[in-house]
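Peer 1: Below is one structure. I have some questions about it.
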Amino acid sequence: MTSIGPELLAESLQLVLYTLIGGVLTVGGVLVEQASVQHYGSGEAMIALWLAALGGVMLYAGAYGLGYQKVLSQYV
(Lines of atoms letter the chains of each structure in order from A and count residues from 1; the text may use other names and numbers.)
(Lines give C-alpha, C1' and ligand atoms only; values in the text may rest on other atoms or scores of the structure.)
Protein backbone atom coordinates (compact mmCIF):
# COMPACT_ATOMS: atom_id res chain seq x y z
CA MET A 1 0.00 0.00 0.00
CA THR A 2 1.44 3.34 -1.03
CA SER A 3 1.13 6.43 1.09
CA ILE A 4 0.71 9.95 -0.18
CA GLY A 5 3.49 12.18 1.01
CA PRO A 6 2.65 15.41 2.78
CA GLU A 7 4.24 17.43 -0.04
CA LEU A 8 1.99 15.84 -2.65
CA LEU A 9 -1.04 16.31 -0.44
CA ALA A 10 -0.23 19.99 0.10
CA GLU A 11 0.30 20.58 -3.63
CA SER A 12 -2.95 18.80 -4.50
CA LEU A 13 -4.91 20.76 -1.92
CA GLN A 14 -3.42 24.01 -3.16
CA LEU A 15 -4.31 23.14 -6.77
CA VAL A 16 -7.89 22.26 -5.82
CA LEU A 17 -8.23 25.48 -3.85
CA TYR A 18 -6.92 27.59 -6.76
CA THR A 19 -9.31 25.79 -9.12
CA LEU A 20 -12.31 26.44 -6.89
CA ILE A 21 -11.47 30.11 -6.30
CA GLY A 22 -10.79 30.64 -10.01
CA GLY A 23 -14.11 29.04 -10.90
CA VAL A 24 -16.02 31.14 -8.39
CA LEU A 25 -14.36 34.34 -9.63
CA THR A 26 -15.06 33.46 -13.27
CA VAL A 27 -18.72 32.58 -12.72
CA GLY A 28 -19.15 35.64 -10.52
CA GLY A 29 -17.57 37.82 -13.20
CA VAL A 30 -19.96 36.50 -15.84
CA LEU A 31 -22.93 37.16 -13.56
CA VAL A 32 -21.74 40.69 -12.79
CA GLU A 33 -21.26 41.38 -16.50
CA GLN A 34 -24.80 40.14 -17.13
CA ALA A 35 -26.11 42.48 -14.42
CA SER A 36 -24.15 45.28 -16.08
CA VAL A 37 -25.92 44.69 -19.37
CA GLN A 38 -29.30 44.66 -17.61
CA HIS A 39 -28.57 47.95 -15.84
CA TYR A 40 -27.40 49.50 -19.08
CA GLY A 41 -30.61 48.40 -20.78
CA SER A 42 -32.70 50.03 -18.06
CA GLY A 43 -30.90 53.34 -18.46
CA GLU A 44 -28.58 53.28 -15.44
CA ALA A 45 -25.33 53.89 -17.29
CA MET A 46 -23.12 54.76 -14.32
CA ILE A 47 -24.00 51.59 -12.41
CA ALA A 48 -23.58 49.60 -15.62
CA LEU A 49 -20.07 50.97 -16.16
CA TRP A 50 -19.12 50.24 -12.56
CA LEU A 51 -20.40 46.67 -12.81
CA ALA A 52 -18.69 46.18 -16.17
CA ALA A 53 -15.35 47.21 -14.67
CA LEU A 54 -15.87 44.97 -11.64
CA GLY A 55 -16.90 42.03 -13.81
CA GLY A 56 -13.87 42.52 -16.04
CA VAL A 57 -11.53 42.43 -13.06
CA MET A 58 -13.22 39.31 -11.71
CA LEU A 59 -13.00 37.57 -15.08
CA TYR A 60 -9.35 38.53 -15.46
CA ALA A 61 -8.47 37.33 -11.98
CA GLY A 62 -10.42 34.09 -12.26
CA ALA A 63 -9.77 32.97 -15.81
CA TYR A 64 -6.30 34.34 -16.46
CA GLY A 65 -4.73 35.01 -13.08
CA LEU A 66 -5.69 31.82 -11.32
CA GLY A 67 -6.93 29.55 -14.09
CA TYR A 68 -4.18 30.06 -16.62
CA GLN A 69 -1.17 31.14 -14.59
CA LYS A 70 -1.62 28.99 -11.49
CA VAL A 71 -3.66 25.91 -12.40
CA LEU A 72 -2.86 25.31 -16.05
CA SER A 73 0.85 26.04 -15.64
CA GLN A 74 1.12 23.21 -13.08
CA TYR A 75 -0.50 20.75 -15.47
CA VAL A 76 1.71 21.58 -18.45
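Reading the sequence shown from the start, the letters are residues 1 to 76 in UniProt numbering.
Note that the Cβ used here is the ideal one computed from N, Cα and C, for glycine as well.
Predicted model only: the values in this text are computed from it and were never measured.
For V76, does the three-state DSSP call read helix, strand or coil?
Peer 2: coil
Peer 1: Please go through the same chain and pick out, in chain order, the residues whose beta-carbon is closer than 8 angstroms to the beta-carbon of L20, but skip the five residues on each side of it.
Peer 2: Shown here for L20: not one same chain residue has a beta carbon closer than 8 angstroms to its own, the five before and five after excluded.
Peer 1: Considering only their Cβ atoms, is the gap separating M58 from G23 smaller than 8 angstroms?
Peer 2: no
Peer 1: Is it buried or exposed for V32, if we count other Cβ within 10 angstroms and need 16 for buried?
Peer 2: buried
Peer 1: Would you kindly work out how many angstroms separate the C-alpha atoms of E11 and G43, rounded to a whole number?
Peer 2: Their backbone Cα atoms lie some 48 angstroms apart in a straight line.
Peer 1: Using only the alpha-carbon positions, how far apart do S36 and L25 sit?
Peer 2: 16 angstroms
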